[in-house]
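Just add 11 to wherever you are in the sequence shown, counting from 1, and you've got my numbering. Heads up, the beta-carbon is just placed ideally off N, CA and C, and yes, glycines get one too. Presented below is the structure to which this report refers.
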Amino acid sequence: MFMVTVVGIRFKKAGKIYYFDPSDLDIKKDDNVIVETARGIEFGECVIGPKQIKEEQIISPLKVVLRKADEVDIKKHEENISKEKEAFDICTEKIEGHKLVMKLIDVEYTFDNNKVIFYFTADGRVDFRDLVKDLAAVFRTRIELRQIGVRDEAKMIGGLGPCGRPMCCSTFLGDFAPVSIKMAKEQNLSLNPTKISGICGRLMCCLNYEQETYEGIRKRLPKVTSIVETPYGRGEVVGNSVVKEMVKVKIKSKEGEESIIQVPIDEVTIISGGFEGAIDEAQIKIEIAKAVVEADEDVNVIKELFKEN
């Protein structure tokens, strides 16, 4: 199996990591480097030191790191960051002047100044041709306006999540993993949009963190109403706790008295019934319909939240 030596380069904080060929350069983790990308010459940071990976894991052709960044390169990078703030104000004024319904989120200069990229959000399509002409006249370089989604907006702006900590997407998540309402239901969370949505208004990314564990435990949990054998006798399952990995069982004594006890999953044997497993899609639809009726919010907002992220 053919192995390739690569380094992982990141261009933005919590941005996606791209692999490059270090060539004969002595590149270490945390070094600043100059690389050639599809957008032109870029300034990046090495976040993964030289390592070998399988050839099929790279996207060909693998571009080469041009050089390690020197003091001149670092100074130019800092100047670009300063110019981005000025470009943001200018673009905001132009947007207001053209009365365009769009929100400017971020501005980015390529390292070689061959292009300025303006990131914005909008509810629909925006005719920004006149805006591009104005911006090109001011900056005298190539202009690109790129429309982004609400999750990318939150990632760029940053902030505090519902948990009170800095948002995952703006601190360490390089890519957005798919998140679905099914995950919330399988984790026994309320389908109240205010409790399971992040700052971006979409389902919280952290629903994906423990999903694999929940799926594994649910495959071992007996369904409610199942008949099980326990060290305390035979009984009916009346509840489950995925977090505690415990089963609530109603057991009837010889005297006819009923009692509910909690038993670890490993001490339970199913006599009749089945395992919890995955949530049924029909059940999810019923829960969503119920949430739409009960929630004191706009129906379209709720339906948007429950789409696959």
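Exercise. How many angstroms separate the CA atom of P173 from the CA atom of D41?
Worked result: Stepping through the sequence shown from its first residue, residue 173 is reached at position 162. Stepping through the sequence shown from its first residue, residue 41 is reached at position 30. So the two alpha carbons sit approximately 31 angstroms from each other.
Problem set entry | Unbroken alpha helix (DSSP H) run spanning M167, endpoints | Translated into the one-based positions of the sequence shown, residue 167 becomes position 156. M167 -> alpha helix (DSSP H) spans V161 to I168.
For this session: Express the C-alpha separation of D32 and F13 in angstroms, rounding to a whole number.
Result: Within the sequence shown, residue 13 is the residue found at index 2, counting from 1. Within the sequence shown, residue 32 is the residue found at index 21, counting from 1. Near 15 angstroms, if we compare the C-alpha coordinates of D32 and F13.
Problem set entry | Cβ separation of E247 and K261, assumed to be a contact under 8 angstroms, to the nearest whole Å | As a first step, residue 247 is located in the sequence shown; it is residue number 236 there, counting from the start. As a first step, residue 261 is located in the sequence shown; it is residue number 250 there, counting from the start. At roughly 5 angstroms, the Cβ-Cβ gap stays under 8 angstroms, so E247 and K261 are in contact.
For this session: Grab me the residues of M194's own chain with a C-beta within less than 6 angstroms of its C-beta, minus the 5 sequence neighbours each way, in chain order.
Result: As a working note, residue 194 is residue 183 in the sequence shown. Same-chain partners within the cutoff: L218 and Q222.
Exercise. Which stretch, first to last residue, makes up the alpha helix (DSSP H) that contains M194?
Worked result: One-based indexing of the sequence shown puts residue 194 at position 183. Start and end: I192 to E197.
Exercise. When we look at the beta-carbon of K166 and count the other beta-carbons within 10 Å, is it buried (16 or more) or exposed?
Worked result: In the sequence shown, residue 166 corresponds to position 155, counting from 1. Counting Cβ neighbours within 10 Å, K166 comes out buried, since at least 16 surround it.
Exercise. Taking the Cβ atom as the reference point for each residue, do A98 and F22 lie within a distance shorter than 8 angstroms?
Worked result: As a working mapping, residue 98 is identified with position 87 in the sequence shown. As a working mapping, residue 22 is identified with position 11 in the sequence shown. Cβ distance not < 8 angstroms, so A98 and F22 don't count as in contact.
Exercise. Which first and last residues belong to the beta strand (DSSP E) in which P204 is found?
Worked result: Here residue 204 refers to the residue found at position 193 of the sequence shown. Where P204 is concerned, there is no enclosing beta strand (DSSP E), although the alpha helix (DSSP H) it sits in stretches over P204 to I207.
For this session: Identify which residue in Q158, I69 and R213 has its Cα closest to the Cα of P204.
Result: In the sequence shown, residue 204 corresponds to position 193, counting from 1. The shortest Cα separation from P204 among Q158, I69 and R213 belongs to R213.
Exercise. What is the C-beta distance between T121 and I159, in whole angstroms, given that I count them as a contact (C-beta under 8 angstroms)?
Worked result: Translated into positions along the sequence shown, residue 121 becomes position 110. Translated into positions along the sequence shown, residue 159 becomes position 148. The pair is not a contact, with the Cβ atoms about 17 angstroms apart (cut-off 8 angstroms).
Exercise. What residue ranges within the region 212–277 form continuous alpha helix (DSSP H) runs of no fewer than 4 residues, ordered along the chain?
Worked result: 222–229
Exercise. For L184, which residues from the same chain have a beta carbon less than 8 angstroms from its beta carbon, with the 5 sequence-adjacent residues on both sides left out?
Worked result: Locating residue 184 in the sequence shown gives position 173, where the first residue counts as 1. So the list reads A25, K166 and C216, once near-sequence residues are dropped.
Exercise. Out of curiosity, what's the CA-to-CA distance linking A88 and V254?
Worked result: Locating residue 88 in the sequence shown gives position 77, where the first residue counts as 1. Locating residue 254 in the sequence shown gives position 243, where the first residue counts as 1. The amino acid at residue 88 is misidentified as Ala; the sequence shows His. So the alpha carbons of these two residues sit roughly 48 angstroms apart.
For this session: List the residues that DSSP assigns as beta-bridge partners of P177.
Result: To locate residue 177, count along the sequence shown from 1; it is residue 166. In the DSSP output, where bridge partners are listed per residue, P177 has L171.
Exercise. Given 8 angstroms as the limit, is there contact between the region 63–76 and the region 102–113, that is, 3 or more CB pairs closer than that?
Worked result: no
Problem set entry | Anticipated Cβ contact below 8 angstroms, K230 with G284, distance rounded | The residue labelled residue 230 in the question sits at position 219 within the sequence shown. The residue labelled residue 284 in the question sits at position 273 within the sequence shown. Incorrect: roughly 14 angstroms between the Cβ atoms, too far for contact.
Exercise. Is there at least one non-hydrogen atom of the ligand ZN closer than 7 angstroms to the beta-carbon of D100?
Worked result: For the structure depicted, the ligand ZN is absent and the ligand set is empty, with no information on it obtainable.
For this session: Going by CA-CA distance only, name the one from G60, G170, T48 and I276 that's closest to I210.
Result: Taking the first residue of the sequence shown as 1, we reach residue 210 at position 199. Cα-wise, what sits closest to I210 is G170.
For this session: Check V44 in the structure and name its three-state DSSP category.
Result: Translated into positions along the sequence shown, residue 44 becomes position 33. Strand.
Problem set entry | beta strand (DSSP E) segment containing S8, residue limits | The structure shown does not extend to residue 8, since the chain is modelled only from 12 to 320, so the question has no answer here.
Exercise. Are R157 and K126 touching if we call contact CB-CB under 8 angstroms?
Worked result: Here residue 157 refers to the residue found at position 146 of the sequence shown. Here residue 126 refers to the residue found at position 115 of the sequence shown. It is not a contact, given that the beta carbons lie outside the stated cut-off.
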